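Remarks on the structure that follows.
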Amino acid sequence: MTPHDVRPHTKVLLMVPTSVGVGLTSACLGLMQALDTIGLKTGFLKPFRQDELNGPGPDRSTVLVSSTLDLRPPAPIAQTDMERLLRQDRLDVLMEQVIELFDQTMDGHDGTTPDLIVVEGVVPTAHGTYATQLNAQLAHALNARIVLVGSGDAAAPGALAEQLDMHAQAFGGVGSTRTLGCILMRMQNLPGAEEPALAPGTSSVLLDDDFLAELRRHSPVLATDRFHLIGVVPYNPALIAPRVVDVARALDARFLHEGDAANRRVLSTSLCARSAANALHVFRPGSLIVASGDRDDIVLASALATMNGVPMAGVLLTNGFMPNDNMIEMCRPALKTGMPVLAVDTDSFTTAKNLGRMSNDIPMDDLERAEQVTRFVAGHLDLQWLKDHLSRGFARRLSPSAFRHQLVKLAQRANRRIILPEGNEPRTVEAAAICQRRGIANCVLLARREEVEEVARNRGIELPEGLEILDPELIRSRYVAPMVERRRGKVNELTAEDQLQDNVVLGTMMLQLDEVDGLVSGAVHTTANTVRPAFQLIKTASGYRQVSSIFFMLLPEQVVVYGDCAVNPDPDAEALAEIAIQSARSAQAFGIEPRVAMISYSTGESGSGADVDKVRQATQLARELAPDLLIDGPLQYDAAAIESVGRQKAPDSPVAGRATVFVFPDLNTGNTTYKAVQRSARVVSVGPMLQGLNKPVNDLSRGALVDDIVYTIALTAIQAAERG
């Protein structure tokens, strides 16, 4: 059979595993995320389903790719059909079916052709002895380059080199033009395994020079440019941590109290056979306590640890024993924190064995874990090498992954000092630790050191060296006089001292006096609490008469800017023009080419009325103030965002159908649209980022995740660098 004539410029990568359990699907997810970061549109194909690995239900790889990367890959060929054709010696028919699936992948679910297709190869199992043969045929039929996916121990380079050499033989060896390189997954004995990788290519964990030299001594071809170590991904137990609900499913356990079982993860399992007094060390974050249901001391100790702020995974009671009603009532405060309690009829020893047999595969409904694994793997891949070898000949786009990567890199380069007034808030503490460790910003936590250390201890957070903690009680007094001076005639010493009891006000004064470069707050404060002190103390930048905000909306295909969705209720035409110019400049500062659409309910001259006239006037004013800016309006949202609609409704517009900055006519429209897109389309939004202030102050959502806070800190550091 001749190789399939793939469409022009399309590249195909076949991911070939060296054994069961190397993390093949995780490698595919991470590689596709990394390719997205360098601006390549990818597709995914799993040609064959393997029932002994997948189990009943839909194909796991296909579902995870669909939910995590917003793709719609075709369903794989059933194992029974594949094996029947192999038994009948009809390999050519089987490959024709693969080509049909490949063509479906090439068409793309959104009507556009992918630049590159990642194909998940066949895993060699005791049942599937045909894996090597099928992978070789897939490579031939799809004209694919080979990426080997292996796993091993950094302490045994010889075994790893032998593994790679052996599996590359089916494709002409590691030195052939067919084999591109390898990704080493779940590598043991690598330093920094738990270090987070916030964006593709940002991890510092690599194989050291001694290991590489030893690896190349066993396989000299590894020293050439023809075979590259594309990525080295350390084993990280946190990434195989199941949710409590997964434990319940695996053990067929019943919930006595479900609590937060859908979100809490089991980082460790502790079988408590000793008294609580001799087992205090097991009551730690992420621990699932396994004990007989009649062990009242263990149940009480678990409740007490939970009420002290230790986020344990839960309690699993064995032997079919149930706590009595009085015990349950005593534990009620702990249950209110969301701590799950499960029960099984098996004894503790049998239960522990059953827990040990749980699969490490990502459940199809665990989107959070799939996304964490995807980011972790992508963070350990050689992004520059992928860009140099795979992105030639393709148009670049700023994807969500590329935007995150750019945020991290720009923030690291900025090296700014950011104040966090909510210094004892757990998510903020964790985000500050990450930013400090990765050089994203020099963070300053406003809180008592004992409070921060207690949060860190209870949450299992390691506080890095250099993370600054300032006790607000020890420094408030020094800012009274400067605040009175700054707000002369509006506050006196007494009122200034009173207002400075608010850490946000205190942090804003530190920013005003240039002791820090930016401020991030809002994890437990309202937007007004964060923004009001900035209006009073920082004030607007030269050339602007107002402060506005933008959100970076991380759509599946690109990042766009929405403004103003958080600050100005009903701006007039002059204010709206200023918002447009501010938003365009912010977009450009973060690598987004600004094409500004002034949104209204009407396009062009088709409508009239005060609201649309305001947008029309604002568009004209913005053109006069910034003649080089690509801006058009009024435009309806669909005319601004969708190319086919834009061509129809505004054929001569330089913006219609291609807008990257959307300026809404009022807060009601902007906030409603941003929330609708964010929630309905499961779009990540970063912001709001305030613009127009003399110094950067940014607000968080009170539901912000740790990553949200990290990226907002990065935004703030970049804004500070832009201001010099």
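Heads up: the sequence shown is residues 1 to 724, going by UniProt numbering.
No residue lacks a Cβ here, since even glycine has one placed at the ideal position from N, Cα and C.
Source: prediction; values computed, not measured.
Should residue i go down as buried or exposed, given a rule of 16 or more other Cβ atoms within 10 Å for buried?
i: His380; result: buried
i: Thr350; result: exposed
i: Glu329; result: exposed
i: Thr374; result: buried
i: Phe102; result: buried
i: Ile709; result: buried
i: Thr62; result: buried
i: Asp5; result: Low confidence applies to Asp5: its pLDDT is 47, below 50, so where it sits in the model is not reliable, and the reading given next is rough at best. So Asp5 ends up on the exposed side.
i: Glu120; result: buried
i: Pro400; result: buried
i: Pro8; result: Residue confidence is low: Pro8 scores 44 on pLDDT, short of 50, so the model does not pin down where it sits. Its coordinate-derived value is still stated next. When all chains shown are included, Pro8 counts as exposed.
i: Ser26; result: buried
i: Pro74; result: buried
i: Phe321; result: exposed
i: Asp707; result: buried
i: Glu493; result: exposed
i: Leu554; result: buried
i: Thr68; result: buried
Assuming residue i and residue j make a contact with CB atoms under 8 Å, what is their CB distance in whole Å?
i: Ala639; j: Gly646; result: 5 Å
i: Thr660; j: Glu593; result: 6 Å
i: Thr673; j: Val520; result: No, Thr673 and Val520 are not in contact; Cβ-Cβ is about 25 Å, not under 8 Å.
i: Met287; j: Ser268; result: Here residue 287 turns out to be Ser, not Met, going by the sequence shown. At roughly 5 Å, the Cβ-Cβ gap stays under 8 Å, so Ser287 and Ser268 are in contact.
i: Val596; j: Val655; result: 7 Å
i: Ser549; j: Asp564; result: 5 Å
Output the distance between the C-alpha atoms of residue i and residue j, rounded to the nearest integer angstrom.
i: Phe535; j: Leu629; result: 28 Å
i: Thr2; j: Ala141; result: Because the pLDDT of Thr2 is 42, which lies under 50, any placement of that residue in the model is unreliable, and the question is left without a value.
i: Leu690; j: Asn671; result: 15 Å
i: Asp666; j: Ala573; result: 11 Å
i: Glu453; j: Gln163; result: 45 Å
i: Leu271; j: Val315; result: 10 Å
i: Arg404; j: Cys28; result: 20 Å
i: Lys46; j: Arg437; result: 38 Å
i: Val683; j: Ala144; result: 33 Å
i: Phe394; j: Asn698; result: Only weak support exists for where Phe394 lies, its pLDDT of 48 falling under 50; the value from the coordinates is given anyway. Whole-angstrom Cα-Cα distance: 36 Å.
i: Val531; j: Leu715; result: 16 Å
i: Leu693; j: Thr619; result: 23 Å
i: residue 726; j: Arg488; result: Nothing can be reported for residue 726, as the shown portion of the chain is limited to 1 through 724.
i: Gln372; j: Leu239; result: 7 Å
Identify the residues that DSSP records as bridge partners of residue i: which are they?
i: Gln97; result: DSSP, once it has assigned bridges, lists no residue as partnering Gln97.
i: Ala597; result: Asp632, Phe662
i: Gln719; result: The partner list for Gln719 (beta bridge, DSSP) is empty, contrary to what the question assumes.
i: Gln536; result: None, per the DSSP bridge assignment.
i: Pro58; result: Answer is none; Pro58 lacks a bridge partner.
i: Ser26; result: Bridge partners of Ser26: none, in fact.
i: Tyr235; result: Answer by DSSP bridge pairing: none, since Tyr235 is not bridged.
i: Arg254; result: Ala343
i: Arg243; result: Arg265
i: Thr42; result: Leu116
i: Ile146; result: Leu14, Thr179
i: Asp699; result: Ser521
i: Ser287; result: Ser268
i: Thr318; result: Ser292
i: residue 733; result: The requested residue 733 is not part of the displayed model; the chain covers only 1 to 724.
The alpha helix (DSSP H) spanning residue i covers which residue range?
i: Gly461; result: According to the sequence as given, residue 461 is Ile; it is not Gly. Counting along the chain, Ile461 falls outside any alpha helix (DSSP H), and DSSP gives it neither H nor E.
i: Met307; result: 296–307
i: Ala131; result: 131–141
i: Leu280; result: Segment: none, Leu280 is in no alpha helix (DSSP H) and carries neither H nor E.
i: Ser586; result: 573–589
i: Gly375; result: The sequence shown places Arg at residue 375, rather than the Gly named in the question. First-last of the alpha helix (DSSP H) with Arg375: 367–379.
i: Glu643; result: 643–649
i: Phe551; result: Not the alpha helix (DSSP H): Phe551 falls in the beta strand (DSSP E), residues 548–554.
i: Ser680; result: 667–680
i: Cys435; result: 426–438
The beta strand (DSSP E) with residue i in it runs from where to where?
i: Leu446; result: 442–446
i: Asp613; result: Careful: Asp613 lies outside any beta strand (DSSP E), inside the alpha helix (DSSP H) at 610–625.
i: Lys490; result: No beta strand (DSSP E) contains Lys490, which DSSP labels as neither H nor E.
i: Gly563; result: 559–563
i: Arg84; result: Taken as a continuous stretch (DSSP letters only), Arg84 belongs to no beta strand (DSSP E), being part of the alpha helix (DSSP H) at 79–87.
i: Arg417; result: 417–420
i: Glu468; result: 468–470
i: Gln691; result: 684–691
Are the C-beta of residue i and some C-beta of chain C separated by less than 8 Å?
i: Ala170; result: Checking the listed chains, one finds no chain C in this structure; it contains a single protein chain.
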